[in-house]
Each structure stands twice: as structure tokens, then as C-alpha cells.
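Heads up: the sequence lines are chains D and L, in that order.
All residue numbers for the first sequence refer to my numbering, where the first residue is 2 and numbers rise by one.
All residue numbers for the second sequence refer to my numbering, where the first residue is 2 and numbers rise by one.
Think of the CB as a built atom: it goes at the ideal place given N, C-alpha and C, for glycine as much as any other residue.
Everything below concerns the one structure shown next.
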Amino acid sequence: MKLWKIAYTTFLRKSRDKQELLTSILLPLVLILILGSALQGNFTSQTLGNIPVGFYTEDEGPGRESFEEFLEHEEIREWLNIIPVSDYEEGVKMVNDLDLLVLISLPPDFSERISQGLEAEIEVLDAGVSELYPSIVNSIVRSYVQGGNLYFAVGSGPGQWMGNGNPGEGTEGATEVQLIERNTFRGDNEPIRGIDYYAVTMLVMFVMWGIFSGSQSLTEDLFTPMKIRINTAPVSRLNYFIGKNFGVLGTFIVQILTIILFTKYAYGVNWGENILPIIGISLLLSFVAISLGIAVALISPSENASTSIINGFVVVATYIAGGFFPINHGEGILSLVRNFSPNYHAQRGIFHFLYGTEPGALTESILWLLGITLFAFVISLIFGRRRISEYL
Amino acid sequence: MVLNVKDLVKRYGEETAIDHLDLSIDEGEIFGLLGPNGAGKTTLINSVLGLTKTESGHMEVLGKKLASNGNGVKKEIGVVPQDLAIYEDLTAYENVDLFASLYGLKGQQKKERVEEALEFVGLADKKKQYPKKFSGGMKRRLNIAMAIVHQPKLVIMDEPTVGIDPQSRNQILESVKTLNQRGITIIYTSHYMEEVEAICTRIAIMDRGRIIARGTKEELKQLIDFEEKGILLVDRPGEGLKTALKAIEELNDVEISQEGVTLTWGKGNQPLTRIMRIVDEQGYQLKGLKIQEPNLENVFLTLTGKTLRD
Numbered sequence: 002m003k004l005w006k007i008a009y010t011t012f013l014r015k016s017r018d019k020q021e022l023l024t025s026i027l028l029p030l031v032l033i034l035i036l037g038s039a040l041q042g043n044f045t046s047q048t049l050g051n052i053p054v055g056f057y058t059e060d061e062g063p064g065r066e067s068f069e070e071f072l073e074h075e076e077i078r079e080w081l082n083i084i085p086v087s088d089y090e091e092g093v094k095m096v097n098d099l100d101l102l103v104l105i106s107l108p109p110d111f112s113e114r115i116s117q118g119l120e121a122e123i124e125v126l127d128a129g130v131s132e133l134y135p136s137i138v139n140s141i142v143r144s145y146v147q148g149g150n151l152y153f154a155v156g157s158g159p160g161q162w163m164g165n166g167n168p169g170e171g172t173e174g175a176t177e178v179q180l181i182e183r184n185t186f187r188g189d190n191e192p193i194r195g196i197d198y199y200a201v202t203m204l205v206m207f208v209m210w211g212i213f214s215g216s217q218s219l220t221e222d223l224f225t226p227m228k229i230r231i232n233t234a235p236v237s238r239l240n241y242f243i244g245k246n247f248g249v250l251g252t253f254i255v256q257i258l259t260i261i262l263f264t265k266y267a268y269g270v271n272w273g274e275n276i277l278p279i280i281g282i283s284l285l286l287s288f289v290a291i292s293l294g295i296a297v298a299l300i301s302p303s304e305n306a307s308t309s310i311i312n313g314f315v316v317v318a319t320y321i322a323g324g325f326f327p328i329n330h331g332e333g334i335l336s337l338v339r340n341f342s343p344n345y346h347a348q349r350g351i352f353h354f355l356y357g358t359e360p361g362a363l364t365e366s367i368l369w370l371l372g373i374t375l376f377a378f379v380i381s382l383i384f385g386r387r388r389i390s391e392y393l
Numbered sequence: 002m003v004l005n006v007k008d009l010v011k012r013y014g015e016e017t018a019i020d021h022l023d024l025s026i027d028e029g030e031i032f033g034l035l036g037p038n039g040a041g042k043t044t045l046i047n048s049v050l051g052l053t054k055t056e057s058g059h060m061e062v063l064g065k066k067l068a069s070n071g072n073g074v075k076k077e078i079g080v081v082p083q084d085l086a087i088y089e090d091l092t093a094y095e096n097v098d099l100f101a102s103l104y105g106l107k108g109q110q111k112k113e114r115v116e117e118a119l120e121f122v123g124l125a126d127k128k129k130q131y132p133k134k135f136s137g138g139m140k141r142r143l144n145i146a147m148a149i150v151h152q153p154k155l156v157i158m159d160e161p162t163v164g165i166d167p168q169s170r171n172q173i174l175e176s177v178k179t180l181n182q183r184g185i186t187i188i189y190t191s192h193y194m195e196e197v198e199a200i201c202t203r204i205a206i207m208d209r210g211r212i213i214a215r216g217t218k219e220e221l222k223q224l225i226d227f228e229e230k231g232i233l234l235v236d237r238p239g240e241g242l243k244t245a246l247k248a249i250e251e252l253n254d255v256e257i258s259q260e261g262v263t264l265t266w267g268k269g270n271q272p273l274t275r276i277m278r279i280v281d282e283q284g285y286q287l288k289g290l291k292i293q294e295p296n297l298e299n300v301f302l303t304l305t306g307k308t309l310r311d
């Protein structure tokens, strides 16, 4: 009873905070519209060239050599940034994470099938975020297939390779190589538009700004005269604290529902058929934000320091996750660092429900989010023990 | 006994905030804790409420140890913190209602108690307004309403009148007396001597973490050997009158000032009849005689060598 009263009162107070309403609901709605419209080009037509394309094959034969020679060609290099990928699953994951826009894959028996005069396949896989990039890559690969960089010399018979790596030098009678185009999304999905993308990333970013709410829910009663009143009331301080955070969580629910429903019906954003799981991921992110907020409040020497830490963290976490614009993480340090961005995992989880990314992505993201929450509580306990003991 | 404290010690590093303090307060008292800032009043209150850990000592509130009867005892205590502890974004009613709920009140009883508390502090007609629109005095009164809504047996008020206008102060002092008449024991801390003197039935004077004197205000005044002072109001007093008055043995000093003739005499040696006679003999018309009695400020000054506002 007391807990719900505290939760209700907290919710009431937050819902009366006009500035908070403005920044947590109205601002994301405006930003989604602006970014979605202004940066639509990122998802349709932008300056072409240097498209990150993964190349994977276990084939060790001349077919591989021929295709690699083709990809090394100067004219191809102007368009594509070929990134060798050592593992197919990893390549698929990089496509899903938008580290690669396309993955080209040759099967292990590619050369052998060609040698035997059988049909062979080249797979071109994309994430479906854009129609443009896969079509460019497909055209290039198609020119390889149709142009006959890979061919048998007429009359030479199977087993004799005569590739010279020049696109367009086709020869009739080449063994047929099929171009298999597919993307990692379900076939019935439309490609992501700018507004779809930013609806997700802005929702995630503004839920993350809720770190302030988590921080405030603790500091408000820990460092103000209200502490005396609360500590002398016959209510468990842990109950009081939980009640306050339930109230904060209520404001998150309103924020998330408003953003999703408004953008769905007013902007026509594609939230797919799985809105409830998407809300679930967003609420999980709310827990992360609250726990991080508490940790920041406890380790910060002052409220100003706390504000600076939160502002910096949310901006960096959003950037790393590609929240402002899709970024190529590659296989370097960024691909490691992004795992510490709650935004990245929340976005990945939501995109999974929207576009059905690779199996395991959702579980992995949820585990990361839970891990970050746990980490935040451990940090709180280690660095804020004295302050917590004052409060609880 | 409402409060029983024995040999309480509280230190902040090297500094001793409460120094082997003993204190007992009976039911029905308005007990004043008087002392300058830093005397240890708030630390004592916080210790009693279990908000501050103490090094040693024994404490019982309403006959129970707070540590082992936490919520049971807390339900019987109302606390008015020194700093305003109100939510500015809740209405006056919602503020009081929240704490009524936290103290376990429900339903119709809660509603009635909230209305009653607001009525008591004179905010019933402002119950739907937000405190951010309130004056300092109104906020102080709301601070009190939140502490008494559950009708506690003991109310602890820590400097409840800091920074407010005289009218609001008087209103609060009157409400303290009314609460006491209803059987509630009050512990009232202040560094305003006049307030403590006006409402408290017993007073303890604190300095440097110790109680240096305690008793009723009359008992405290008895503790000091005070020189009483009187101001004689006559038209244009001259040196002749001064010389004549100096001849009175009981007078320790005679000074002519713009106010009149200031006379000082030893405690209990008031030579009023002889003063009047000399004024008459010197041909002056007596317009008045103001006698200044010792107050708690004098008591405190005498006992500690400093003023309450030091």
C-alpha cells in the first residue's frame, strides 16, 4: 500500500514536470521527424563508393582466385571496400550490425563445381537497410557472372581456367554461375526508411536520458532535507526507494507508449507486428537507465559532475550505437566498445523484432543489458556503500 | 517518560558534538533546547531519531529503544525538520496526504486527519495550491502539518521558525501551545531566546555538546547573579540629580543618557522608594521607570561568556 502510494506520488510529480515532459516525449517526436526526413539519404542515395562489403569463402580453388582478382580490379575498388571475413556467421552478424552493408559468399565447392561443369552459386547477402547498396553490389557481381571472368575456354573442356580479371570480357559457353541474392530480413519486410531507423534510435536514446530520473530518484531524498522526513517515517527506506523507482518506471511506460503509438499513426513508422516485445526491450532499457543513474549519483562528487557524466555517456553511447547515423564498426575497437553501449543492444533487440535478424542476437542483447544493469549495481555497492548505508 | 538519554556521546572525527549528555523529558512538556548554532541541538535530535550513529550512550523514546522498535516508535513521533522538507510539485493536500499514508492512515480517517492538519496550521483554504506559491511562513506551517497529521505523542521541532515574518512566527508559536494543550509532548529547539522563553515549560541550555543548565525559565534565571537595571524617565536630567542618586548605597551605577537616567543595582536590592524620593526632592517630574529583568540571553551570556547568536 505504502509502496504504491510512493510510486503513484512519484509518477504524479514527474507527470507535472513540464520540462521533463517536453524533453522526454515532445523532443524525441520532433527529432524523429527531423532526422528521419533530413537523413533519409543515408538509407536511399548518398555519395556512392567505398561500400563496405564482406567477402567470405572456404573455397581454396581457382574459382576463389579468379573472383578475388576480379574484386581487386581498380574499377571495382572505386566502388567497394572489400573486407575479408573469416567466418560466415560473423559475416552475417556484421551485416546485421550494419558493419557491412553486403556480404558476398562463395560456397566451399565453388571451384570444384565449376571444374565439373556444374551450376555454382555466389551469394550476396544484405541487411535490407537500403535498396541501393545491394543493387550496386549485385550489378557488379552480375557483371562478373555474366561477363565471364570465370569461364571455360570454348573447347578446352572442364577443368581449364582462363580468368584474366577483366570485367566485361565475356565468353559464350561459360559454365552457368547463379547469383543468389538474399537479405537477412524476412522476405515480407520493406527496407528500412530513415524515419523507421530514427524512431528506434531516438526512442532508445531518450529512454537512456532517463538515467537522469534514476539519478534524481536517489539524490532527491538522499541529499535534501526530505531525507530526515523519510528516514523518520515508519516505512522501510528500501520500500520507499523501490516505490519511487516504480513511479519513475511508470513515466518510462508513458514515454515509450506515446513515442511508439504517435510515430506509428502520425508518421507511419514501421513498428512491425511485435509491439509488445519492443515495449519489453524498451522497459528493460529503462531498468538499465535507472540502475546507471543510481550508480552515477552515488559515485559523483556533486550534482554537476553527475549531470556531466550522464550527458557525456548518453551521447557517446548513442553515437557508438549508430543512433545519430549508421556507422561502420568494422572489426576493430569500435566493434568491442559498442557492446558497452546499452543503446546498441536495445536497438539490436528492437531491430530483431522488426526485421528478424540472426538467431541469438536477441538473447545476446538481453544478456548484455542485464549484465550492464548488474555492473551498475555492483559499482553502486562498491563506491556508494557509505551513501547507501545513510539512505537504506 | 517521553525521552530518556544517558551518557550520550557523538563525535565527528576529533570534534565532540555530544559530550556525555544526560537528558530526560516528561510527558506533556514543551521542552526547549536552547543554544547557539553548533551547540549540538540538531545532532542531539538526529541521535534521538536514529538518524545519526552515536559512539556510546543509552536512549529510550516513549519508553522504547528506537533501534529495536523502529517503526513502532516512529509512528508516535512527528518531526519538523529545520530545513523545509516539502515537495513543491505536490499540492499542500497531496504533501500531507502522502505522509499520512506513510504513517499508516487509510480511507476516511486519513482524509479527515489531512483536512484537520491543514485546518490546524491555517492552510485549509490553500490545500489545492502548490507550495511554490506559498510565502515562507506558509511553507513552514505546511512543514508542521506534515509532521502532525498522524497525531503523534511526541513532536520534535527543530528551529521551526527560521527565516519567517513575525506574524507567521506568532501563529506557529500559538499552534505549538495548542498542540501541547492537546496532550502532545513537544521538543523545541531554537536559538531564538524569546521563543523558548515564551512557550517552553522547561529549558535546557546547550553549549559545545553539553547541557550547561536546565530547569524552568525562573529556575534558570536564579542561577545567575544578575545586576538589575532600571531607566528613570524625567525631563532634562542634570548632574544634580545624578549626584543625589549616586548617594544611594544600593545603586552600583548611575548614568545619564538620551533615554533617561540608567540605574543598576544588585539582585534583590531594588531601592525604588529612595529613588522616587530623591527625584521628588530634586524637583523633577517622574514620567516613568522601566525595569529590566534578567532573561535567558543574560543567563546564557553569564554561563557561556557568549551571546546566543555567536
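Assuming residue i and residue j are in contact, meaning their beta carbons sit under 8 Å apart, how far apart are those beta carbons, in whole angstroms?
i, j, result
"L/L174", "L/L143", "With a Cβ gap of about 17 Å, L/L174 and L/L143 do not count as contacting."
"L/L233", "L/G261", "5 Å"
"L/V156", "L/A118", "About 12 Å; that fails the 8 Å criterion."
"L/Y193", "L/T217", "Not quite, the Cβ-Cβ distance comes to about 18 Å (not below 8 Å), so this is no contact."
"L/G41", "L/M207", "6 Å"
"D/M227", "D/P343", "Between D/P343 and D/M227 the Cβ distance is about 30 Å, and since that is not below 8 Å, they are no contact."
Just verifying my parser: in three-state terms, what is the DSSP assignment at residue i?
i, result
"L/T190", "strand"
"L/D84", "coil"
"L/L106", "coil"
"D/L335", "helix"
"D/I7", "helix"
"L/Q293", "strand"
"D/V31", "helix"
"D/N246", "helix"
"L/V156", "strand"
"L/L264", "strand"
"D/G156", "Any answer about D/G156 is weak, because its pLDDT of 31 lies below 50 and its placement is not dependable; what the coordinates show is given next. Coil."
"D/Q47", "Low local confidence applies: a pLDDT of 45 at D/Q47 is under 50, so the model's placement there is unreliable, with the coordinate-based value given in what follows. Of the three classes helix, strand and coil, the one that applies to D/Q47 here is coil, per DSSP."
"D/G1", "With chain D covering only 2 through 393, there is no way to say anything about residue 1 of chain D."
"L/G216", "strand"
"D/P53", "strand"
"D/M209", "helix"
"L/K112", "helix"
"L/D236", "coil"
"L/L224", "coil"
Strictly below 7 Å CB to CB, what residues from chain D border residue i?
i, result
"L/V80", "I229, R230, T233"
Could you confirm whether any beta carbon from chain L is found closer than 8 Å to the beta carbon of residue i?
i, result
"D/P135", "no"
"D/P226", "yes"
"D/R17", "yes"
"D/T48", "Low confidence applies to D/T48: its pLDDT is 48, below 50, so where it sits in the model is not reliable, and the reading given next is rough at best. No, D/T48 lies away from the interface with chain L (no Cβ there is under 8 Å from its Cβ)."
"D/K3", "yes"
Residues of chain L with CB under 8 Å from residue i, in chain order?
i, result
"D/D100", "Residues of chain L passing the Cβ test: none, with the nearest at roughly 45 Å."
"D/V236", "N72, L103"
"D/R14", "Y88, D90, L91"
Step through the CB atoms of chain D and report whether any lies within less than 8 Å of the CB of residue i.
i, result
"L/G105", "yes"
"L/S191", "no"
"L/D84", "yes"
"L/L143", "no"
"L/L124", "no"
"L/L119", "no"
For residue i, which residues in chain L fall below 9 Å Cβ to Cβ?
i, result
"D/T10", "Y88, L91, E95, D98, L99, S102"
"D/K6", "D98, L99, S102, L103"
Check the Cβ of residue i against every Cβ in chain D and list those closer than 8 Å, keeping chain order.
i, result
"L/K76", "P235"
Find the residues of chain D that neighbour residue i, judging by a C-beta separation of less than 9 Å, and give them in chain order.
i, result
"L/M147", "R230"
"L/L50", "I229, N232, T233"
Check whether chain C comes within 8 Å of residue i, counting only Cβ atoms and requiring the distance to be less than that.
i, result
"D/I367", "No chain C is present in this structure, whose protein chains are D and L."
_Which runs of the alpha helix (DSSP H) at least 4 residues long sit entirely within the region 56 to 142 of chain D? Give them in chain order._
Fully enclosed alpha helix (DSSP H) runs of 4 or longer: 63 to 73, 75 to 78, 89 to 97, 111 to 116.
Check your understanding: Of all the beta strand (DSSP E) runs that stay within the bounds of the region 297 to 381 of chain D, which reach a length of 3 or more residues?
Key -> Segments of the beta strand (DSSP E) lying fully in the region 297 to 381 of chain D: there are none.
Practice task
May I have a chain-ordered list of the beta strand (DSSP E) segments no shorter than 3 residues that lie completely inside the region 19 to 66 of chain L?
Solution key: Within the region 19 to 66 of chain L, the runs of beta strand (DSSP E) that reach at least 3 residues and sit entirely inside it are, in chain order, 31 to 35, 57 to 62.
Quick one: which unbroken alpha helix (DSSP H) runs of 4-plus residues sit fully inside the region 118 to 149 of chain L? Chain order, please.
DSSP runs (the alpha helix (DSSP H)) wholly in the region 118 to 149 of chain L: 137 to 149.
**Q.** alpha helix (DSSP H) runs wholly inside the region 220 to 272 of chain D, at least 4 long, in chain order
**A.** Runs found: 227 to 233, 238 to 267.
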